[in-house]
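Counting in this note's numbering, the sequence shown runs without a single skipped number right up to 136 at its last residue. In this text, a Cβ means the ideal position worked out from N, Cα and C, and glycines have one as well. Just so we're clear, the structure is a prediction, and the values are computed from it rather than from any experiment.
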Amino acid sequence: MRTLNYLLLAVRDPLKSAELYSKLLESEPVEQGKTFVLYVLPTGLKIGLWCADEVEPAPKPAGGVEISFSEPSKDAVRATYAAWTQLGLKVVQEPTDMDFGFTFVVEDPDGHRLRPFVLARNPR
């Protein structure tokens with residue numbers, strides 16, 4: 013069986029993106045260079061920030077995929093919203109109740125969508 017454990021994000025400037033992602037992930041990279049930065053999260057998930065000019069084949073524009081973050085409560089989602097908007101992230105969706113739970117969406121400077129959420133008690 014294959015294991016999904018690695019996400020690669022094409023970014024304009026990995027070192028600049030790492031400044032933001034260290035705050036978002038509350039983690040420091042395990043590898044950091046001009047063209048590539050790597051995070052290994054406590055869950056084992058790896059997130060790589062790869063210089064878009066170096067990716068082969070060339071990446072398509074960001075925005076078609078979301079990275080989701082589970083939160084323990086609506087209050088935690090609201091706190092994350094407050095913290096992340098203070099970082100200047102573009103808000104794509106204000107905090108709202110949806111059929112699956114309470115959520116919001118922001119974009120990083122490269123257009124990658126980030127969605128924190130807490131599941132509804134009876135999600136559809």
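Note to self: Looking at the strands, I want to know which residues DSSP matches up with residue 19.
What the structure shows: Indexing the sequence shown from 1 puts residue 19 at position 7. Looking at the DSSP assignment, residue 19 forms a beta bridge with 59.
Notebook entry, point to check: Measuring CB to CB, does residue 83 end up less than 8 Å from residue 112?
Noted result: Counting from 1 along the sequence shown, the entry for residue 83 is found at position 71. Counting from 1 along the sequence shown, the entry for residue 112 is found at position 100. Cβ atoms of residue 83 and residue 112: not closer than 8 Å.
Margin query: Cutting at 8 Å between CB atoms, please list the residues of its own chain near residue 58, excluding the five before and the five after it.
Written below: Taking the first residue of the sequence shown as 1, we reach residue 58 at position 46. Hits under 8 Å: 17, 18, 19, 50, 51 and 52.
Next item on the list: Below 8 Å on the Cβ atoms is my guess for residue 126 versus residue 61; work out the distance and round it to an integer in Å.
Entry: Counted from its first residue, the sequence shown places residue 126 at position 114. Counted from its first residue, the sequence shown places residue 61 at position 49. That belief does not hold up - the Cβ atoms of residue 126 and residue 61 are roughly 13 Å apart, past 8 Å.
Item checked: Candidates 95, 90 and 120: closest to residue 109 by CA position -> One-based indexing of the sequence shown puts residue 109 at position 97. Taking only the C-alpha atoms, the option nearest residue 109 is 90.
Next item on the list: Excluding the 5 residues preceding and the 5 following residue 71 in the sequence, name in chain order all residues of the same chain whose CB lies nearer than 7 Å to its CB.
Entry: Walking along the sequence shown from the start, residue 71 turns up at place 59. So the list reads 22 and 64, once near-sequence residues are dropped.
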